[in-house]
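Beneath this line is the structure, given in structure tokens, with notes to follow.
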Amino acid sequence: MAKYDCKVVLVTGGAGAIGSNLCRRLAELGAKVIILDDLSSGVSWNVPSLPGVLFVEGDILDEIKLKRVFFERPQIVFHLAAFFANQNSVDHPERDLLVNGMGTLRLLEYSVLTGVDRFIYASSGCSIYGSESPLPLREEFMSMHLSTPYQITKMLGELYCNF
């Protein structure tokens with residue numbers, strides 16, 4: 001896949017299970033990969049030790065870290081970082097809103113300011129489709145029956161991405 005060869009790609013949440021495998025594959029395809037992860041749920045040993053992979057430990061709310069990773073001029077952003085889990089969001093709704101809402105908005109703003117070509121947002125099926133979605137599922141369907149802060153903030157991220 002030549003579409004990633006020599007591209008600069010930022011992956012937030014790149015030390016998690018999905019993110020680390022994505023980073024590994026992107027590096028194999030010739031991309032320069034920048035990982036931004038605060039290691040709150042990911043682990044450092046997940047980070048691929050491959051040429052062209054730069055790991056920056058930090059939070060997506062940290063302006064200094066954001067400036068650092070966007071200084072590399074990513075052309076593509078994969079946004080996988082999140083304050084994860086429904087119960088976690090119920091216990092800590094403000095942190096959930098900050099990370100999943102404000103963090104996503106800041107990444108989008110930096111992406112626009114620096115001319116990112118493509119922004120890929122890792123949403124959540126439980127947030128978008130909910131438990132009462134009509135079958136067969138249609139991509140344009142959005143449930144408004146959201147029962148946790150996590151579902152609400154992931155939906156908020158979807159809406160910001162479409163803004």
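For the record, in the sequence shown the residue sitting at position 146 is 146 according to this note's numbering, with numbers rising by one throughout. For each residue, glycine too, the CB sits at the ideal point set by N, CA and C.
- Straight-line spacing of the CA atoms in Q151 and S124 works out to 8 Å.
- Under the 10 Å beta carbon count, M155 is surrounded by 16 or more other beta carbons and is classified as buried.
- Taken atom to atom, the span from the alpha-carbon of I35 to that of L98 is near 20 Å.
- In the DSSP assignment, R118 forms a beta bridge with I76.
- Look at K7 here: in three-state DSSP terms it is coil, with no helix or strand label.
- Taking a cut-off of 8 Å on C-beta distances, the region 89–96 does not touch the region 54–73, as fewer than three cross pairs fall below it.
- Shortest Cα-Cα distance from K3 to any of G19, S40, L29 involves L29.
- Shown here, V43 sits in coil according to DSSP, grouped into three states, outside any helix or strand.
- A direct Cα-Cα distance of roughly 8 Å separates F119 from C161.
- Taking C-beta atoms as the reference points, V47 and G14 count as a pair closer than 9 Å.
- Judged by their CB atoms, S41 and F78 are not nearer to each other than the 9 Å cut-off.
- Rounded to whole angstroms, the gap between the alpha carbons of W45 and F70 is 24 Å.
- Residue nearest to L105 within the set A17, E72, L159, E57 is L159 (criterion: CA-CA distance).
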